[in-house]
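Just below is one structure, and these are the notes that go with it.
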Amino acid sequence: MRLQPFLPKLISSSQTGFIKGRLISENFLVARELLNHLYSGSFPSVMIKLDFYKAFDTVDWGFLNRVLTLRGFPSAFISWINLLLTTSVSSVLINGLKGVSFSHKRGLRQGDPLSPFLFILVADVLSQMLHNTSAALHSSISLRFTAPFFILQYADDTLIFSTVQGNALQVLQLVLRLFQLASGLCINTQKSSFVPMCLTPTQVDAVMHLFGFNTSSLPIEYLGLPLTLGKPDRSCFMPLLQKIESRLQGWKNCFLSRAGRVTLASSVLTALPSYFMSVFLLPRWLVDAIDKARKRFIWGTNQDGKQRVHLVAWDKLCLPKAVGGLGLKNISLQNRAFLLRWLWFLYNNHNSLWFKTTSKIYSPVRGDVSPIVWNKNGSFFWKDIRSLRHLFQISTRSSIASGINTSFWYDNWAGKPLVPILKGTAKPPRERISYKQGIAALNLLLPRPWELTTQLLLLDFPTTLHSDEYDHLIWRWNADGNFSVSSFYNTFSTAGKLSNNLTCLWSFKVPPSLKFFMFLLSNNKLLTQQQLLRRNLLPLPPHCVMCNQSLLEDSLHLFFSCPFANRAWQRLRNHVSLPPLVESFSARESLLATLQQRSTVLIFQTRLTTFFWAIWQERNNRIFRRNSRNIELLCNWILSESTLYFKHC
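The sequence shown maps to residues 581 to 1229 in this note's numbering.
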C-alpha cells in the first residue's frame, strides 16, 4: 500500500506541501490576495505566522496512530508505520567515538521519504480543528468569507487569518493550545508573530497579551518571498539580485571556457529567479539587472576589470538553438509563461485553493462565469495576470460542457473571441453560453441592417450542452491539451523566426568550447580584423598574418579563401577522405555548403570543426605570441585531436 496517492483526498487544500499537483507558490498568492482583500475592505483582523520548535522531531507517535486510525488506514499499515518508528536508534559521537545507542520515543526521522507525508497528516489536524470550530462561531473575516478563520500550510509553515470579532481570538488560542497538547508540536512564541489589520492600538495590545507573539509590519518574508500589501518596491527584490551576485562571485575565480559560462548562465542563473517569476510580474529594471549579470558573466572581463567585447547581441543569444540562438532564456517571456499558469488554474483546476479564494473575492456570481470577465479591480497581482489575458486567449480554446462558466463574448469557444467582431458597438454583456437570452442581447447590440449576416453567423454555432459538467479549456500549444510553461515559451520564443539550417552544429562530436566557436563563426562574430574595424578597435593596417597579404581579414578569407587554409585542407585530404572547401559569398554560406557535401558523416563534421579551430588558434598565436607552426605539424595536430574528440565526445 502506498500512502502518497491518497493524500490529495485526505489533506485539505490549504496544505500544499509534498502533495502532487499543489504548488508552494499557491499559498503565497492566496495570502497576498487575502491581505489585499481584508485591508481594502477595512475588515478588523490579524494574520498570524506560526513557527514550531523542531516540528519533525516532536511529533507524538500515539497521536499519529490515532490520526491514521481515524483516517481509515488498515491496522496492518499502521503496524508497519509503528515498526519503522520504534526500531530506529541513534548514538552520539563523543571525541570521535560512538557512544551508547538509544531508542526514540517521539518524532519523525529526517530524510526518510515517508516522514513528510506522515507529518502533513498530523499538521492537517489543525486545519480540521479550525474548520470544525468555525461552524460554532457567528463571525467571519469578511463579507465574502463566511468563516472566522482561514489557514494556509506548507508542511509546518503556518499562516492563519482570523477576525477579531466576538470571541474568535480566544477560540483560536484554545484550538492552538489543544493542538499542541495532542500532537506534541510546540509553538515557538519568540519566532511567531502577527500582523494587525485595521486594529486600534488597544486591540493590538490585547492580541499580544493573549498569544504572547510579537507584532510585525509588512512586508514580511513568507515561504522565502516578500509578502507585501501593495506592489513590492526595489528592496523586496534585492535579496534575489544579491543571491545572483553571490553565485557569480563563487565562479569568478574558476577558469571557465565561454561555453562553460553559457551553460552555467543557462541553467543556474536562469533558475534562480524562477520562484520569484512564478508569483511576480518582474519589473523592467529587475529583468535588465538579471540580464546584465548574465551578460557580464558570459563575456567576462579583462585583467583591468573592464568588460570584454560582447560579440553577439543579447536578443540573439536568447533565441532557441533551432532558430540560431544559444538557448538562453528570455526572462520576460519566461515570467509570463509562469504567470499564465494561474489563469489556467482558474479555468481547469476548480479544486485548487487559488480558484476557491479568488472566485470568492472577484467573481460576481461565485465563479460561475468566465474568469476573464471577473472584477477588473483588485490587488496589483490580479491586475498583472489580467494584463496577460490576450496571450491566454490566443493560447486556449474552450471545450463546452454546461456552458455555465464560459463567456459567450470573451472566451475562445467559437475558434476566436467574438468581441472583435462587435468593435464599435456597445459593450457586450456578461452572457454565458447556456443563456438563451443572448439572442435578445444581440438584437440590441447589432441594430444596423448590414450587420444581420454577422448576427446570424454568430448564432449558428452548433453546441451540445451537458448541464452537469464544467466547461474546461484546451491548451493549444500541447498535443495533450494541458498547460505547460515550456510549451508556451517554445511557441512564442520561435514565433516569426526562420529555422536555423546550422542547428546540426550542436550535435557535432567535439567539446562544447568548439561548438561555441562554430556558433561564432557561423554568425560572423569572431574578432577578425573586419569585426575589430567595425568596433573601431583595429590598431594596425589591414593584414592577414596567415598569407601575408595586405587585405582586410574576415572569416570568409581566413577559413575559406586564404592560401594557407587551402593548403592545409589539401594536405589533410592527402591523409584522409575529405571533400573540398566550398567558398561562397559569406562565411556562413561557405560553411553550410561545405557541410552539405557530407552532412551525415560525423567524423567529417568533427575534422572540419577541428580544422577551423586550429586555423583560428594558429592565427592568434602568430599575432599575440609571435610563433607559428608549419602546415605539416598543424595537420598532424588536427588529425590526432579530431580522432580524440570523435572517440570521447
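Every residue, glycine too, gets a C-beta built ideally from N, C-alpha and C.
Taking Ser-772 as the reference, which of Phe-759, Cys-778, Phe-791 has the closest Cα? Residue mapping note: residue 772 aligns to position 192 of the sequence shown, counting from 1. Here the closest residue by C-alpha is Phe-791.
Neighbour-count burial assignment, Phe-935, 16 or more Cβ in a 10 Å radius: For the purposes of this step, residue 935 is identified with residue 355 of the sequence shown, where counting begins at 1. Its Cβ being crowded by 16 or more others within 10 Å, Phe-935 is buried.
On a Cα-Cα basis, can you pick out the residue from Gln-1185, Ala-1075, Glu-1212 that is closest to Glu-1198? Residue mapping note: residue 1198 aligns to position 618 of the sequence shown, counting from 1. It is Glu-1212 whose Cα lies nearest to the Cα of Glu-1198.
Of all Cβ atoms in chain B, is any one closer than 8 Å to the Cβ of Leu-710? No chain B is part of this structure, which consists of one protein chain only.
Near Leu-688, what residues of its chain come up, given a Cβ to Cβ distance below 7 Å and the 5 sequence neighbours on each side ignored? Reading the sequence shown from its first residue, position 108 is the one you call residue 688. These residues qualify, in order along the chain: Phe-636, Val-639, Ser-695, Leu-698, Phe-699.
Can you tell which of Pro-693, Thr-667, Cys-898, Arg-1168 has its C-alpha closest to the C-alpha of Leu-583? Translated into positions along the sequence shown, residue 583 becomes position 3. For the residues Pro-693, Thr-667, Cys-898, Arg-1168, the minimum Cα distance to Leu-583 belongs to Pro-693.
Just to confirm before moving on: does the CB-CB distance between Leu-844 and Trp-831 stay below 8 Å? Locating residue 844 in the sequence shown gives position 264, where the first residue counts as 1. Locating residue 831 in the sequence shown gives position 251, where the first residue counts as 1. Contact flag set, yes.
Do you know how far the Cα of Lys-909 is from the Cα of Ser-593? Walking along the sequence shown from the start, residue 593 turns up at place 13. Walking along the sequence shown from the start, residue 909 turns up at place 329. Using only the alpha carbons, I get a separation of about 33 Å.
Determine which residues share a DSSP beta bridge with Ser-742 and list them. Numbered from its first residue, the sequence shown carries residue 742 at position 162. BP columns for Ser-742 point to Val-626, Phe-729.
Count the other C-beta atoms from every protein chain shown that fall within 10 angstroms of the C-beta of Asn-1116, then say buried if there are 16 or more, exposed otherwise. Stepping through the sequence shown from its first residue, residue 1116 is reached at position 536. Asn-1116 comes out exposed.
Val-775, DSSP secondary structure in three states: Numbered from its first residue, the sequence shown carries residue 775 at position 195. DSSP, read as helix, strand or coil, puts Val-775 in strand.
Compute the beta-carbon to beta-carbon distance between Val-524 and Thr-713, rounded to the nearest angstrom, for a pair I have assumed lies under 8 Å. Since the first and last residues shown for the chain are 581 and 1229, residue 524 lies out of range.
Span separating the alpha-carbon of Asn-1070 from that of Pro-900: For the purposes of this step, residue 1070 is taken as residue 490 along the sequence shown, with counting starting at 1. For the purposes of this step, residue 900 is taken as residue 320 along the sequence shown, with counting starting at 1. Those two C-alpha atoms are separated by around 8 Å.
Contact between the stretch 794 to 813 and the stretch 614 to 629 is defined here as three or more beta-carbon pairs at a separation below 8 Å; is this criterion met? yes
Does DSSP classify Arg-977 as helix, strand or coil? On the sequence shown, position 397 is the one that residue 977 refers to. Correct three-state label for Arg-977: strand.
Cβ contact check for the stretch 1123 to 1140 and the stretch 1106 to 1113: 3 or more pairs under 8 Å: yes
Three Cβ pairs or more, each shorter than 8 Å: is that satisfied between the stretch 839 to 854 and the stretch 868 to 875? yes
Between the stretch 1052 to 1059 and the stretch 1138 to 1153, do three or more beta carbon pairs fall short of 8 Å? no
Of the residues Pro-1159, Gly-905, Val-744, the one placed nearest Lys-1095, counting alpha carbons only: Translated into the one-based positions of the sequence shown, residue 1095 becomes position 515. Taking only the C-alpha atoms, the option nearest Lys-1095 is Gly-905.
Starting from Trp-1086, trace the beta strand (DSSP E) both ways and give me its first and last residue. For the purposes of this step, residue 1086 is taken as the residue at position 506 of the sequence shown. Counting along the chain, Trp-1086 falls outside any beta strand (DSSP E), and DSSP gives it neither H nor E.
Tell me the DSSP secondary structure of Ile-661 in three-state form. What you label residue 661 is simply residue 81 of the sequence shown in a count that begins at 1. The answer is helix: DSSP assigns Ile-661 an H, G or I state.
Out of Pro-728, Pro-1121, Trp-924, Leu-805, state which residue places its alpha-carbon closest to the alpha-carbon of Ser-625. In the sequence shown, counting from the first residue as 1, residue 625 sits at position 45. Ser-625 has its Cα closest to that of Pro-728, out of Pro-728, Pro-1121, Trp-924, Leu-805.
Where does Val-705 fall in DSSP's three states? Position 125 of the sequence shown, counted from the first residue, corresponds to residue 705. In the structure shown, Val-705 sits in a helix (DSSP, three-state: H, G or I).
Count the other C-beta atoms from every protein chain shown that fall within 10 angstroms of the C-beta of Met-818, then say buried if there are 16 or more, exposed otherwise. For the purposes of this step, residue 818 is taken as residue 238 along the sequence shown, with counting starting at 1. It is exposed - the Cβ of Met-818 has fewer than 16 other Cβ atoms within 10 Å.
Alpha-carbon spacing of Ser-1245 relative to Arg-1209, whole angstroms: Outside the displayed range of the chain (581 to 1229) lies residue 1245, so it cannot be described from this structure.
Under the rule that 16 or more other beta-carbon atoms within 10 Å means buried, what is Leu-919, buried or exposed? Within the sequence shown, residue 919 is the residue found at index 339, counting from 1. Leu-919 should be labelled buried.
Measuring alpha carbon to alpha carbon, tell me which residue in Tyr-619, Leu-644, Cys-778 is nearest Ile-1230. Here the chain has residues from 581 to 1229 only, and residue 1230 is not among them.
Grouping DSSP H, G and I as helix and E and B as strand, with all else coil, what is Pro-812? Position 232 of the sequence shown, counted from the start, is the residue given in the question as residue 812. Three-state DSSP puts Pro-812 in coil, outside helix and strand.
Since Asn-794 sits in a beta bridge, which residues does DSSP pair it with? Taking the first residue of the sequence shown as position 1, residue 794 is located at position 214. DSSP output for Asn-794 lists Ser-773 as bridge partner(s).
Pop quiz: Ala-748 and Leu-717 are said to be a contact at Cβ under 8 Å. What is the actual Cβ separation, rounded to whole angstroms? Position 168 of the sequence shown holds residue 748. Position 137 of the sequence shown holds residue 717. By a beta-carbon distance limit of 8 Å, Ala-748 contacts Leu-717. Their separation comes to about 6 Å.
So the candidates are Met-627, Phe-1063, Asp-991; which of them puts its Cα closest to the Cα of Thr-808? As a first step, residue 808 is located in the sequence shown; it is residue number 228 there, counting from the start. Ranking Met-627, Phe-1063, Asp-991 by Cα distance to Thr-808 puts Met-627 first.
Check Leu-1188 in the structure and name its three-state DSSP category. Numbered from 1 along the sequence shown, position 608 holds the residue referred to as residue 1188. In the structure shown, Leu-1188 sits in a helix (DSSP, three-state: H, G or I).
Please classify Pro-951 as buried or exposed, where buried requires at least 16 other C-beta atoms within 10 Å of its C-beta. Taking the sequence shown and counting its residues from 1, the one referred to as residue 951 is at position 371. The residue in question, Pro-951, is buried, as its Cβ has 16 or more Cβ neighbours within 10 Å.
In whole angstroms, what separates the C-alpha of Thr-743 from that of Asn-1080? Within the sequence shown, numbered from 1, the residue matching residue 743 stands at position 163. Within the sequence shown, numbered from 1, the residue matching residue 1080 stands at position 500. Here the alpha carbons of Asn-1080 and Thr-743 stand approximately 60 Å from one another.
Check whether the stretch 776 to 793 touches the stretch 648 to 661, taking contact to mean three or more Cβ pairs, one atom from each stretch, closer than 8 Å. The count of Cβ pairs closer than 8 Å, one atom from the stretch 776 to 793 and one from the stretch 648 to 661, stays below three, leaving the stretches out of contact.
DSSP beta-bridge partners of Phe-632: Reading the sequence shown from its first residue, position 52 is the one you call residue 632. Bridge partners of Phe-632: Ile-767.
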